[in-house]
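Quick notes on the structure that follows.
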Amino acid sequence: MAKLYPYLNFENAKESMDYYKDVFGATLLQRMPMDENMAKAWGVSTENLENTTIHGGFVVLGNTIFCSDRFGDADSFSSSVTLMLDFNSEDADDVAALDALYKRVTESGVEIIDPLKEQFWGGKMGIIKDKYGLLWMFHAQPYSKLQ
1 MAKLYPYLNF
11 ENAKESMDYY
21 KDVFGATLLQ
31 RMPMDENMAK
41 AWGVSTENLE
51 NTTIHGGFVV
61 LGNTIFCSDR
71 FGDADSFSSS
81 VTLMLDFNSE
91 DADDVAALDA
101 LYKRVTESGV
111 EIIDPLKEQF
121 WGGKMGIIKD
131 KYGLLWMFHA
141 QPYSKLQ
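Note that UniProt numbering numbers the sequence shown so that position 134 is 134, with each residue one more than the last.
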C-alpha cells in the first residue's frame, strides 16, 4: 500500500531540520548531503557540499516529513500549502500532546494566524506560520465521529 508524505524544499534543509528539532521537538533527523558528481550534474557549486541536503527527513509526533534543499527554480512556500497535525479530542493524552506542542511552538516566536481554541465541531484548531513561511494547522477532532 502506498503512503503519502509531505516533501518540503528549503534554502538550507540542514538548518531547517535543526529548527524543527528545537521548536517542534522533531526526532530521527536524517540527511544525505549532495556528492561532488551530483553537484556537477546539477550545476551546483561543489563548495561546502557537507552542508547541502539532497534528501533528508525528520519525525514530528510520529509523522514523517521528508525534505531537501531547494535546488534550481523551486518556489518557496505559499499559503496554499498547510501541514495539519491532527489529534483525537476524546483522548486526554492526545489533547495534552496538542496543547504542549502548540505552547512550545508559539513560544518560539512564530506568527499566530489563528490561535488554538475550541471549535463548534467539538475539537480545537489553531494555525501558525513558522519561520520559513510554512503554515501548520494544529487540529483536534472527536475520532469517534469519523466512523
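The C-beta atom is built at its ideal place from N, Cα and C for all residues, glycine as well.
Could you tell me the boundaries of the alpha helix (DSSP H) in which residue i lies?
| i | result |
| --- | --- |
| residue 61 | Per DSSP, residue 61 belongs to no alpha helix (DSSP H) and is neither H nor E. |
| residue 19 | 13-24 |
Would residue i and residue j qualify as a contact pair, given that the criterion is a beta-carbon distance under 8 Å?
| i | j | result |
| --- | --- | --- |
| residue 138 | residue 123 | no |
If you draw a straight line from the alpha carbon of residue i to that of residue j, how long is it in whole angstroms?
| i | j | result |
| --- | --- | --- |
| residue 110 | residue 32 | 28 Å |
| residue 48 | residue 112 | 35 Å |
| residue 98 | residue 121 | 17 Å |
| residue 84 | residue 101 | 13 Å |
| residue 5 | residue 66 | 7 Å |
| residue 129 | residue 62 | 21 Å |
Mark residue i as exposed unless 16 or more other C-beta atoms lie within 10 angstroms of its C-beta, in which case mark it buried.
| i | result |
| --- | --- |
| residue 136 | buried |
| residue 69 | buried |
| residue 140 | buried |
| residue 26 | buried |
What residue from the options has the CA that sits closest to residue i's CA?
| i | options | result |
| --- | --- | --- |
| residue 145 | 128, 89, 100 and 132 | 89 |
| residue 142 | 92, 101 and 129 | 92 |
| residue 42 | 71, 78 and 128 | 71 |
| residue 131 | 12, 30 and 1 | 12 |
| residue 81 | 3, 2, 9 and 1 | 9 |
| residue 19 | 75, 77, 116 and 60 | 60 |
Between which two residues does the beta strand (DSSP E) containing residue i stretch?
| i | result |
| --- | --- |
| residue 129 | 124-129 |
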